Amino acid sequence: MERGVEPTVYLNGCFLPLAEARIPVMDRGFLFGDGVYEVIPVYDRRPFRLDEHLDRLQASLDGIRLANPHTRAQWTALVEQICCGVDWNDVGVYLQVTRGPGPRDHAFPKVVSPTVFLMPLELTAPGAELVAQGVAAITAEDTRWARCDIKATSLLANVLLRQLSVDAGCAETLLVRDGWLMEGAASSVFLVRDGVILAPPKSPLILPGVTYDVVLELAAAEGVPTRVAPVPQTALVDADEVWLTSSTKEILAVTTLDGRAVGDGRPGPLYRRLMARYQDYKHTVMRGKDRP
C-alpha cells in the first residue's frame, strides 16, 4: 500500500475506505467506552495465535455481558479479508466490538445492535537497535479499575499512565498496586532473578497476554525455569533482567528502570536466548505451524 492511501476497513457488514467509516454519535462505545477490542498480529498473511486472541475476545465480551456478534469462522474470514487490501507483509488487525447505539443511559439498552469494526495497521517489529540496546521504563501506582482482564476500549487510565513514560522519555510504565507488580500500561512484564523467569499470575487485575503465554511456552521448551507467582515491587530493584511483552512489542528488554540500570544495563543472556527462540517461532508460524 502506498503512503497516504487510506486502508480498507470493515464496519457493520461493509468494507469501505477508512475516511468513509462513520458511527452514530449515540454509539455506546463513543459515549461510555462500552466495548472491547483485540489486536491480532498477522505475519506473512498468517494470523498469530488467532484462536487465543478470539478466546480472549470472547472472555472480554462475556465480561461486559455482550453476545458475540460473529462465529469463530466469521471472525477468521474477516481477519483474512481485512489483510487482503494491504501490501504490508506484517499486519496488526485491530478489531473492536461495542454495544452499539442506544439512549444515553448507563443501563444496557433493551435492544442491542453491536457495532463491529476492523482495520489493518502496519505491524513493525522492534528494530535491531531496540533489541540490542533495550529500552527505559518507569514505575507508577496502578490507578486502573478492578477488571483489567477485560480488554475494554475504555482505556483512559492506561492512556494517562502510559503518558507518564512518554513525558519521561521512556518506553513504558510498569504498574504497581499495593506493593505488587501488575503489568505495563500496554504490555505484560517479566523479571529474571538468579536464572529464573518470574511472571505475575493472571488475575482480574491483569490482562491475560497472548505473548505472555508464548514466552512461558518458549521458556519451557528451552528448559528455563519459570515461576508464576505474585511479584513484589521490591523485586524490581535487584532484578537481573526485566522484559516487556505484547503482540506489537514482541519481547523487549528494559535496561533502565526509574533512572537506574537493570543488571549491567544491557539486554541479558536469557532475553537474548528467548528472543532468538521467539524469532524462530515466528518463522514457523509463517510456514503454517502454530506452536513452538
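Okay, so the sequence shown: first residue is 1 according to this note's numbering, each after it adds one. By construction, the Cβ of each residue, glycine as well, lies at the ideal position given by its N, Cα and C atoms. Note that this is a predicted model, so its numbers are computed, not measured.
In this structure, Val228 keeps its C-beta atom at 8 Å or more from the C-beta atom of Leu236. When DSSP assignments are scanned along the region 109-148, the uninterrupted stretches of beta strand (DSSP E) that are 3 or more residues long and fall wholly within it turn out to be 115-122, 135-141. Membership of Ala59 in the alpha helix (DSSP H) is indicated by the continuous run 50-63.
With three or more CB-CB distances shorter than 8 Å, the region 87-106 counts as touching the region 115-123. Between the region 8-21 and the region 70-87 there are three or more inter-stretch CB-CB distances shorter than 8 Å, so the stretches are counted as touching.
For Ala253, there is no enclosing alpha helix (DSSP H); the enclosing beta strand (DSSP E) covers residues 250-257.
Counting along the chain, no alpha helix (DSSP H) covers Gly184; the unbroken beta strand (DSSP E) around it starts and ends at 180-184. Counting along the chain, Gln96 sits inside the beta strand (DSSP E) bounded by residues 90-98. In the structure shown, Asp27 falls within a strand segment according to DSSP collapsed to helix, strand and coil.
For the pair of segments examined, the region 218-226 was found not to touch the region 165-182: the number of CB pairs separated by less than 8 Å stays below three.
Here Glu241 is bridged, per DSSP, to Val192.
In the DSSP assignment, Ile40 falls within the unbroken beta strand (DSSP E) covering 35-43. Taking one beta carbon from each stretch, the region 42-51 and the region 99-119 have fewer than 3 pairs nearer than 8 Å; the two do not touch. Thr226: member of the beta strand (DSSP E) spanning 226-228, first to last residue. With a threshold of 16 other beta carbon atoms within 10 Å, Met26 falls short and is exposed. Under the 8 Å Cβ criterion, the region 149-162 counts as touching the region 179-189, having at least three qualifying pairs. Cβ contact annotation for Ala199 (same chain, cutoff 6 Å, sequence separation greater than five): Phe190, Val228, in chain order. The residues Phe190, Thr245, Ile251, Leu274, in chain order, have a CB closer than 7 Å to that of Val215 in the same chain once the five nearest residues on each side in sequence are set aside.
By DSSP's assignment, Glu172 forms a beta bridge with Ala137. Rounded to whole angstroms, the separation of the alpha carbons of Ala239 and Val262 is 7 Å. Using a Cβ distance threshold of 8 Å, Ile150 and Val36 count as a contacting pair. DSSP, reduced to helix, strand and coil, places Arg162 within a helical segment of the structure shown. Looking from the CA of Val196, the closest CA among Ala220, Ala19, Thr211, Asp142 belongs to Ala220. Within 10 angstroms of the beta-carbon of Ala146 lie fewer than 16 other beta-carbons, which makes it exposed.
Taking the CA atoms as reference points, Pro230 sits about 26 Å from Gln58.
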